[in-house]
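So the sequence shown is numbered by UniProt numbering: it starts at 1 and just counts up by one.
For reference, the structure is listed below as structure tokens.
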Amino acid sequence: MRRSQSSPEHAEAVSRRLATLSAELAAVRGEPAQSDPSTHTRVRERPDDPPVPVVLAVPGRHASRRLRIGGLQLGPVHLAVVAVVAASAVALAAWWAVRDQAELVPTATVTSSAEPLAPVTPEESTEAVGQDVDLVVDVAGKVRKPGIAVLPPGSRVVDALKAAGGARRGVDLTALNLARLVVDGEQILVGVAPAPGIAGSLGTSAPEGTSLVNLNTADQTVLETLPGVGPVTAGAILAWRTDNGGFTSVDELLEVDGIGEATLEDLAPLVTL
Numbered sequence: 001m002r003r004s005q006s007s008p009e010h011a012e013a014v015s016r017r018l019a020t021l022s023a024e025l026a027a028v029r030g031e032p033a034q035s036d037p038s039t040h041t042r043v044r045e046r047p048d049d050p051p052v053p054v055v056l057a058v059p060g061r062h063a064s065r066r067l068r069i070g071g072l073q074l075g076p077v078h079l080a081v082v083a084v085v086a087a088s089a090v091a092l093a094a095w096w097a098v099r100d101q102a103e104l105v106p107t108a109t110v111t112s113s114a115e116p117l118a119p120v121t122p123e124e125s126t127e128a129v130g131q132d133v134d135l136v137v138d139v140a141g142k143v144r145k146p147g148i149a150v151l152p153p154g155s156r157v158v159d160a161l162k163a164a165g166g167a168r169r170g171v172d173l174t175a176l177n178l179a180r181l182v183v184d185g186e187q188i189l190v191g192v193a194p195a196p197g198i199a200g201s202l203g204t205s206a207p208e209g210t211s212l213v214n215l216n217t218a219d220q221t222v223l224e225t226l227p228g229v230g231p232v233t234a235g236a237i238l239a240w241r242t243d244n245g246g247f248t249s250v251d252e253l254l255e256v257d258g259i260g261e262a263t264l265e266d267l268a269p270l271v272t273l
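Written out as structure tokens, the structure reads:
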């Protein structure tokens, strides 16, 4: 195959292209273009050729941006350091301003009273403790349900009488002070006189010197002193007390053999629990 020979015009165009590329490369590197006599191809300049344009180096879009202040060129690291220093200065100034505005709180002084404490008497302490404690009283005599009654604080005799079921029919209550405050642990006698040496809380028309018989502690001999109670009935009372663990109400005498309503009516004013 025959190799085609290039024309003079083609060779001259190639030479101009090479010269243009050399100039651009030198402009990018910032160095003057140097010609190599061994590889340079002389190109005859033509008077009608246009001047070769000068290409300036322009940074790419991924090139780092640097801030130029005066003759200094600042990068991202320098800007970060400046921001940290500025923030520290603002925080220090704020703390100093708050510290100057803080006020000292005066310390409270404790003063002791010169007046001595008043001693508390036993009566006052007992009343203070017993204000919230229930009252336990023994209601005995001619009531429907004689026995122990638990009353709230501040109760009166009328409340104790109601707790015992009220007085029996025909009992005179004119001698009773129904408005009197109840005392914890006292015995309230209704319709009977108190035993010798014991101040009763209620007046009665019963003969003086009569003492109440405790159904839970009296023996055979004492029980036989009650009206209508002989040896057989007294033994029945003792047997019932043993079998049931004691009496809790005078009305339970009706469950004893030989005691009826009439006998209970006579025994109620004379017995207690």
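Backbone N, C-alpha and C fix where the C-beta goes; we use that ideal spot for every residue, glycine too.
Report the rounded CA-to-CA distance for residue i versus residue j, giving the unit in angstroms.
i	j	result
T221	R241	15 Å
G230	L273	20 Å
A23	P8	23 Å
L212	I188	12 Å
L21	V14	11 Å
A167	K145	9 Å
G260	T248	18 Å
A26	A19	11 Å
V84	W95	17 Å
P227	D132	42 Å
V171	G154	26 Å
K162	A179	13 Å
D138	E186	6 Å
D219	A236	12 Å
V158	L270	21 Å
R16	H10	10 Å
E93	A80	The amino acid occupying residue 93 in the given sequence is Ala; Glu does not appear at that position. Going by the C-alpha atoms only, they are around 20 Å apart.
N244	D251	14 Å
T225	V190	21 Å
V256	N177	34 Å
E265	G258	14 Å
According to the neighbour-count rule (16 or more other Cβ atoms, all chains shown, within 10 Å of its Cβ), is residue i buried or exposed?
i	result
L254	exposed
L267	buried
V77	exposed
G197	The pLDDT assigned to G197 is 40, lower than 50, so where the model puts this residue is not dependable; a value taken from the coordinates is nonetheless given after this. It is exposed - the Cβ of G197 has fewer than 16 other Cβ atoms within 10 Å.
T233	buried
L223	buried
A262	exposed
V82	exposed
A140	buried
A89	exposed
V28	exposed
A87	exposed
A149	buried
Please state the DSSP three-state secondary structure of residue i.
i	result
residue 276	Nothing can be reported for residue 276: it is not among the residues displayed for the chain, which extend from 1 to 273.
V256	coil
A167	strand
D184	coil
D159	helix
T272	strand
N177	coil
V14	helix
P37	Reliability fails at P37, whose pLDDT of 49 lies under 50, so the model's placement of it is uncertain and the value that follows must be treated cautiously. P37: coil per DSSP, three-state reduction.
From what residue to what residue does the alpha helix (DSSP H) around residue i run?
i	result
V232	P231 to N244
D266	E261 to L267
residue 277	Outside the displayed range of the chain (1 to 273) lies residue 277, so it cannot be described from this structure.
Start and end of the beta strand (DSSP E) containing residue i?
i	result
D138	L135 to G141
V150	G147 to L151
Which whole-angstrom value is the C-beta distance of residue i and residue j, which I expect to be below 8 Å?
i	j	result
L135	V182	5 Å
L173	A160	Contact flag wrong, Cβ pair sits at about 12 Å.
residue 287	G246	Nothing in the structure corresponds to residue 287, since the chain is present only between 1 and 273.
R143	G165	Here the sequence assigns Val to residue 143, which means Arg is not the residue at that position. Confirmed, about 6 Å.
For chain C, is any of its Cβ atoms less than 8 Å away from the one on residue i?
i	result
A160	No chain C is part of this structure, which consists of one protein chain only.
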